[in-house]
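Asks: Please find one structure pasted underneath; my questions will follow.
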Amino acid sequence: MRRMIVMAALLLPFFATGQAQADDPFAGGGDALAVKDSDGSSSLRAKLKLKKMLPDMVMVQVKGINDAKFPHCVLVGKVLKAAKAKDKHFKLLARGKTYRFAPVLKKKGRGIDLKHKMTQNNLGACYYPKKSKLIIRVSGVDKKQKAFKASEIYLK
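Quick note, the numbering used here runs 420 ahead of the 1-based positions in the sequence shown.
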């Protein structure tokens, strides 16, 4: 009890002058969350942007997300721009149709390797709102999930 009173007496002048609010943007007050360096996107969504589409990439608009087996979610998306590659599974992707895409996550042991850059990016696929436009690099078909494998996901 005595320690608490001494501690309160020492910290009272510090908080009374408002120095805590001036030094720490998260200390409270009206502009508590106004951080100058923030770009406004504090979620886990993918932040990588692509400069040029490769032949094995498609542009999709998110129609829905099935995250029942999180973190292994499945994106449902309408193809806006089809891939130019001529491989077998690319012939199945047609513009204007809706397909399922399963983000590829790199595994480490029995878990997921969270240090891998593209895995961090692909984990964000579970958080996209409807009508988001994405560019997806298709690397094959996942017969177990009945979806195309999305090895790379970029925000349009």
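For glycine and all other residues, C-beta sits at the position ideal for the given N, C-alpha and C.
None of these values were measured; they are calculated from a predicted model.
Can you tell me whether residue 475 is buried or exposed, with buried defined as 16 or more other CB within 10 angstroms of its CB?
Replies: For the purposes of this step, residue 475 is taken as residue 55 along the sequence shown, with counting starting at 1. Looking at its Cβ environment, which holds fewer than 16 other Cβ atoms inside 10 Å, residue 475 is exposed.
Asks: Could you compute how far the alpha carbon of residue 489 sits from the alpha carbon of residue 527?
Replies: Within the sequence shown, numbered from 1, the residue matching residue 489 stands at position 69. Within the sequence shown, numbered from 1, the residue matching residue 527 stands at position 107. If you take the alpha carbons of residue 489 and residue 527, they lie about 15 Å apart.
Asks: Between the beta-carbon of residue 515 and the beta-carbon of residue 496, is there less than 7 Å?
Replies: Numbered from its first residue, the sequence shown carries residue 515 at position 95. Numbered from its first residue, the sequence shown carries residue 496 at position 76. For residue 515 and residue 496, no; Cβs fall outside 7 Å.
Asks: Tell me which residues share the same chain as residue 571 and place their Cβ nearer than 7 Å to its Cβ, disregarding the 5 neighbours each side in the sequence.
Replies: Taking the sequence shown and counting its residues from 1, the one referred to as residue 571 is at position 151. 524, 557, 559.
Asks: So what does DSSP say about residue 453, is it helix, strand or coil?
Replies: Locating residue 453 in the sequence shown gives position 33, where the first residue counts as 1. For residue 453, the predicted structure reports a pLDDT of 44, less than 50, and the residue's modelled location is therefore unreliable. The matter cannot be settled from this model.
Asks: Looking at the unbroken beta strand (DSSP E) that takes in residue 500, where does it start and where does it end?
Replies: Locating residue 500 in the sequence shown gives position 80, counting from the first residue. From DSSP, the beta strand (DSSP E) with residue 500 extends over 494-501.
Asks: Once you ignore the five residues that flank residue 588 on each side, which residues in its own chain have a CB closer than 7 Å to its CB?
Replies: Outside the shown range of the chain, which is 421 to 576, sits residue 588, and nothing can be said about it.
Asks: Nearest-angstrom Cα distance between residue 537 and residue 531?
Replies: Reading the sequence shown from its first residue, position 117 is the one you call residue 537. Reading the sequence shown from its first residue, position 111 is the one you call residue 531. Those two C-alpha atoms are separated by around 15 Å.
Asks: Between the Cα of residue 604 and those of 500, 499, 542, 498, spot the shortest distance and give me the residue it belongs to.
Replies: Because the chain here runs from 421 to 576, residue 604 falls outside it and cannot be looked at.
Asks: If residue 479 sits next to residue 553, beta carbons under 8 Å apart, how far is it from one beta carbon to the other, in whole angstroms?
Replies: Here residue 479 is taken as the residue at index 59 of the sequence shown, counted from 1. Here residue 553 is taken as the residue at index 133 of the sequence shown, counted from 1. Indeed, because the Cβ distance is near 7 Å, the residues count as touching under 8 Å.
Asks: Can you tell me which of the three DSSP states residue 567 falls into?
Replies: Within the sequence shown, residue 567 is the residue found at index 147, counting from 1. Residue state, collapsed to three classes: strand.
Asks: Of the choices 483, 502, 473, whose alpha-carbon is the least far from that of residue 545?
Replies: In the sequence shown, residue 545 corresponds to position 125, counting from 1. Among 483, 502, 473, the Cα nearest to that of residue 545 belongs to 483.
Asks: In this structure, does DSSP put residue 537 in helix, strand or coil?
Replies: By 1-based counting over the sequence shown, the position of residue 537 is 117. It is helical.
Asks: Mind checking who residue 519 pairs with in its DSSP beta bridge?
Replies: As a working mapping, residue 519 is identified with position 99 in the sequence shown. BP columns for residue 519 point to 497.
Asks: Select from 534, 535, 511 the residue whose C-alpha is nearest the C-alpha of residue 561.
Replies: Within the sequence shown, numbered from 1, the residue matching residue 561 stands at position 141. Taking only the C-alpha atoms, the option nearest residue 561 is 511.
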